[in-house]
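K.L.:
Residues -23 to -1, 1 to 408 in mature numbering (1 follows the signal peptide of the UniProt record, and there is no 0) are what the sequence shown spells out, letter by letter. Note that the Cβ used here is the ideal one computed from N, Cα and C, for glycine as well. Quick caveat, the model's predicted, so the values are computed rather than measured. Can you keep this structure in mind? I'll have questions shortly.
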Amino acid sequence: MKRSFRFLLLSATIATISIPVLAASCETKAPKEKKEFEAEIAKVEESIKDTTLSAGKKVELAKLASDAKLQLDKLKTQEDFKKALEDLKQKADEIKNKQEENNEGNEGKKPAEISELDETSKKLKDILVLSNDGNRDKWLALLTKSEKDYTLWYDRDNKKIVMVKGEKPPFGSNKDAEQWVLFELKDDAKGMLTDGRQLVNDKEPTYEVAKGDKTYTNLSTKLNFGIDKQLNSNKFDIYIRYKVGKFIKDASPLVSTESNQSKVSFETKESEESTPSPSTPPSSTPTPDRGDSSSPAMKYKMPELYKFSEEGNLFEVKEIKQLKEELEKILKGKNQGSLRIDKGLIKATRDKKSELKFLKFNLALKKFPNVNTHGNTTANIGWIFGSSNRKGIFLKKEDDNKYILKWKLLIKDENTVSDSEKEYSQIIEIK
């Protein structure tokens, strides 16, 4: 009898241990299904970024993902998670397919409509003229002196380009903000920008707006621009870039794939009050201005470059036609290139010995020869060439008879060009 008792006791012990182990093995399957369910939720959320989906479908998918997250704490077993996963996949597919089915007629029209917008955009080159506002020149002068402080916007109601200080659009809730009309559209351009067509940003033409639980796609009429100063003058060229957009009822707006730009030339006049009377008769050669300790020039490694950079006359041309030959030799048939500067001598970037004979620094800088684009500690002028490690100043061929030099000044205690520093440029025209 003792032997039988020991056997029964052993059996009971095994049974007691086995039951929890079996139960645990069943429960460990639920977390795996839960992870799959969570992964599918993340997949639905990621699909919201799909630019081909309408704003309405994005809202539906966002709600679907949100509802699924609420289920996470309620689901317990493997079967619960498995069924929820299947339902989530099915509903997500239904939303996406419904979007394709409902817009099937629209989708057939979209390529044609975009093609029409592209054709319109191609025709909208150089469509701007200076406005007739009496204060226009004053505002243009402000823009040329501090272009980073101002933004340009297309006013679709009045078909004009307005300037505001800061980044906020002068429309809607901000319509009472101070704004200045700088440019107007030519009559033929006004005729093309009808039926909802308008100028939009060439880089980021749309943006999302949330209203309640819905998200809408809007068109951005903030226009990118660049300003170039002509050689040895107060004349400027401003380039304003854009695409063409159009609102579509009950659908996301359309935007042209083609972009275009307008060039407008203008001249600013320095007021007599802003020009101090010289205490001594001026010499024929201006003197580089280092400025006092509070001068903005003093933050740069070579303050003498600041004044001439601001005035757009850092460089002087000796013989314009011969310079064209030199620049073309450097460009080698391309539209962009770079120039190297070693101790005040301007050279081809890839040929340290090839000094340009017909492009020099402003004569006033002759006493300050240590202008350099290269050297870990000696560089004081340069440019940012994308992700490249190339050094130098930027050379661009605008057309057969126009070249542009662009550069930035290096600030003290830094040996690389800063992206946040002001961009300077000087135009060289072959006349």
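(1) Would you tell me roughly how many angstroms separate the C-alpha atoms of residue 414 and LYS122, rounded to the nearest one?
(2) At 3 residues or longer, and completely inside the stretch 38 to 112: list those beta strand (DSSP E) runs for me, N to C.
(3) Classify ASN80: buried if its beta carbon has 16 or more other beta carbons within 10 angstroms, exposed otherwise.
(4) Which one or two residues does DSSP pair with LYS199 in a beta bridge?
(5) Measure from the alpha carbon of LYS167 to the alpha carbon of each residue in TRP116, LYS374, LYS145 and ASN135, then state which is nearest.
(6) Less than 8 Å between the CB atoms is what I'm expecting for LYS320 and TRP360, so what's the real figure, rounded?
(7) Using three-state DSSP, classify PRO273 as helix, strand or coil.
(8) Check the C-beta distance from ILE370 over to LYS383 and give it rounded, since I have them as a contact under 8 Å.
(9) Could you tell me the boundaries of the alpha helix (DSSP H) in which GLY168 lies?
(10) Using only alpha-carbon positions, find the residue among SER210, ILE318 and LYS199 that is nearest to TYR219.
(11) Using CA coordinates, which residue listed in ASP64, SER31, GLU56 and THR29 is at the minimum distance from ILE18?
(12) Between which two residues does the beta strand (DSSP E) carrying LEU316 extend?
(13) For the putative contact between ILE358 and LEU304, defined by C-beta atoms under 8 Å, what is the C-beta separation to the nearest angstrom?
(14) If we count the other Cβ atoms within 10 Å of its Cβ and call it buried at 16 or more, is GLU391 buried or exposed?
(15) Is GLN238 helix, strand or coil when you go by DSSP?
(16) Spatial neighbours of ARG367 within its chain, please: C-beta separation below 8 Å, excluding the five flanking residues on both sides.
(17) Who are the near neighbours of TYR216 in its chain, counting only those whose CB is closer than 7 Å to its CB and skipping five residues on each side?
(18) Kindly give me the distance between the Cβ atoms of THR192 and GLU181, rounded to whole angstroms, as I take these residues to be in contact under 8 Å.
(19) With GLY222 and LEU208 assumed to form a contact (beta carbons below 8 Å), what rounded beta-carbon distance in angstroms separates them?
(20) Buried or exposed: PRO346, going by 16 or more other Cβ atoms within 10 Å of its Cβ?
(21) Cutting at 7 Å between CB atoms, please list the residues of its own chain near ILE297, excluding the five before and the five after it.
(22) Helix, strand or coil for GLN403 per DSSP?
(23) In or out: PRO147 buried (at least 16 other Cβ within 10 Å) or exposed?
(24) What's the gap between the Cα of GLN175 and the Cα of ASP50?
(25) Where do the N-terminal and C-terminal ends of the beta strand (DSSP E) with SER286 fall, by residue?
(26) Given a threshold of 16 other Cβ atoms within 10 Å of its Cβ, counted over all protein chains shown, does GLN403 qualify as buried or as exposed?
(27) GLU293 and LYS337 - do their beta-carbons sit closer together than 9 Å?
(28) On a Cα-Cα basis, can you pick out the residue from SER229, LYS373 and ASP153 that is closest to LEU30?
(29) Measure the alpha-carbon distance for LYS226 versus GLY173 and round it to whole angstroms.
(30) Out of ALA61, ASP205, GLU96 and SER236, which has the shortest C-alpha to C-alpha gap to ALA118?
(31) What does the alpha-carbon distance come out to for the pair ILE25 and THR54?
(32) Could you tell me which residues DSSP puts in a beta bridge with VAL221?
(33) Helix, strand or coil for THR194 per DSSP?
(34) Measure the C-alpha to C-alpha separation of ASP57 and GLU235 and round it to an integer number of angstroms.
(35) Exposed or buried, what is GLN156 when buried is set at 16 or more other beta-carbons lying within 10 Å of its beta-carbon?
P.N.:
If we stick to the structure as given:
(1) For residue 414 there is no data in the structure shown, the boundaries of the chain being -23 and 408.
(2) The DSSP assignment places 105 to 107 as complete runs of the beta strand (DSSP E) inside the stretch 38 to 112, in order along the chain (cut-off: 3 residues).
(3) In this prediction, ASN80 scores a pLDDT of 37, lower than 50, which makes its location untrustworthy; no coordinate-derived value is stated.
(4) Looking at the DSSP assignment, LYS199 forms a beta bridge with TRP130.
(5) Closest option to LYS167, Cα to Cα, is ASN135.
(6) With a Cβ gap of about 18 Å, LYS320 and TRP360 do not count as contacting.
(7) Helix.
(8) Yes, they are in contact, since the Cβ atoms of ILE370 and LYS383 sit about 7 Å apart, within 8 Å.
(9) It spans 164 to 169 - the alpha helix (DSSP H) in which GLY168 sits, taken as one unbroken run.
(10) The candidate whose alpha carbon is nearest that of TYR219 is LYS199.
(11) Closest option to ILE18, Cα to Cα, is ASP64.
(12) In the DSSP assignment, LEU316 falls within the unbroken beta strand (DSSP E) covering 313 to 319.
(13) Contact between ILE358 and LEU304 does not hold, since their C-beta atoms are separated by about 18 Å, which reaches or exceeds 8 Å.
(14) Label assigned to GLU391: exposed.
(15) Strand.
(16) Spatial neighbours of ARG367 in its own chain (CB-CB distance under 8 Å, excluding positions within 5 residues in sequence) are listed in chain order as SER315 and THR326.
(17) Counting only residues of its own chain and dropping the five nearest sequence neighbours on each side, TYR216 has a CB closer than 7 Å to the CB of PHE202, GLY203, GLN238 and LYS240.
(18) The C-beta separation of THR192 from GLU181 comes to about 17 Å, leaving the pair out of contact by the 8 Å criterion.
(19) Cβ atoms of GLY222 and LEU208 stay farther apart than 8 Å, at about 37 Å.
(20) The C-beta of PRO346 has fewer than 16 other C-beta atoms within 10 Å across all chains shown, which makes the residue exposed.
(21) Within the same chain, Cβ atoms closer than 7 Å to the Cβ of ILE297 are found at ILE407, the five residues on either side in sequence being excluded.
(22) In the displayed model, GLN403 falls within a strand according to three-state DSSP.
(23) So PRO147 counts as buried.
(24) Whole-angstrom Cα-Cα distance: 49 Å.
(25) First-last for SER286: 281 to 288, but that is the alpha helix (DSSP H), not the beta strand (DSSP E).
(26) For GLN403, the number of other beta carbons within 10 angstroms of its own is at least 16, and it is reported as buried.
(27) Taking 9 Å as the cut-off, the Cβ atoms of LYS337 and GLU293 count as close.
(28) Looking at SER229, LYS373 and ASP153, the one whose alpha-carbon comes closest to that of LEU30 is SER229.
(29) Straight-line Cα distance between these residues: approximately 11 Å.
(30) For ALA118, the nearest C-alpha among the options comes from ASP205.
(31) Answer to the nearest angstrom: the Cα atoms are 29 Å apart.
(32) Bridge partners of VAL221: LEU176.
(33) Strand.
(34) Rounded to whole angstroms, ASP57 and GLU235 show a C-alpha spacing of 51 Å.
(35) Buried, since its Cβ has 16 or more Cβ neighbours within 10 Å.
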